[in-house]
Every structure is written in C-alpha cells, then in structure tokens.
C-alpha cells in the first residue's frame, strides 16, 4: 500500500476498525483490506490507465462488459460522486 500521504494527495481517505480497512474517494469505497497479523492486505485490483476490453462479436456486449468491469455494482451515491 502507498503511504497515507499518497492517498491524501489523490483525494482518498481511509479508516480501519475491527480488522477491516476501507479506502474511500468521497462516498465511494475503492478498495478494502483485511488485517492479517499486523498488516492490512488489500483485496482487489487498482486499475490505472486504459481498461482492457474482452473480445466479442457483439459491440454492445463489449461496452456493457467494460462498464461492468469499471463500476461493478455501484450504489446511487457512488454514481453521484463519479458524475462530479
């Protein structure tokens, strides 16, 4: 994990309690971590830059898959943060 200063510089905040850490950007949780021994191991992937698109003969299917990869099951409040 990068340092707390790096998270702050990128507009993120974090909190940890009861063995779980959440890294947030506004109201959106961008990554979670579980505590093992004295370290929080982050779960998930950080995507920077251009997202990969899976190949398919259906262009609409590719677009849908791409947005699902980016947003997953985003809440309404998460979409509000994203639209700003």
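Numbering (the UniProt record's numbering), first residue to last: 1 to 84.
Where is the CB? At the ideal position from N, CA and C, for every residue including glycine.
Everything numeric in this text was worked out from a predicted model, so none of it was measured.
Would you list the one or two residues that DSSP bridges to residue i?
i	result
residue 24	13, 29
residue 34	20, 41
What number of angstroms, rounded off, separates the C-alpha of residue i from the C-alpha of residue j?
i	j	result
residue 27	residue 37	28 Å
residue 7	residue 14	8 Å
residue 16	residue 42	12 Å
residue 30	residue 5	17 Å
residue 81	residue 75	10 Å
residue 9	residue 78	20 Å
How would you label residue i, buried or exposed, when you count the other beta carbons within 10 angstroms and need 16 or more for buried?
i	result
residue 3	exposed
For residue i versus residue j, is the C-beta distance shorter than 7 Å?
i	j	result
residue 24	residue 40	no
residue 32	residue 19	no
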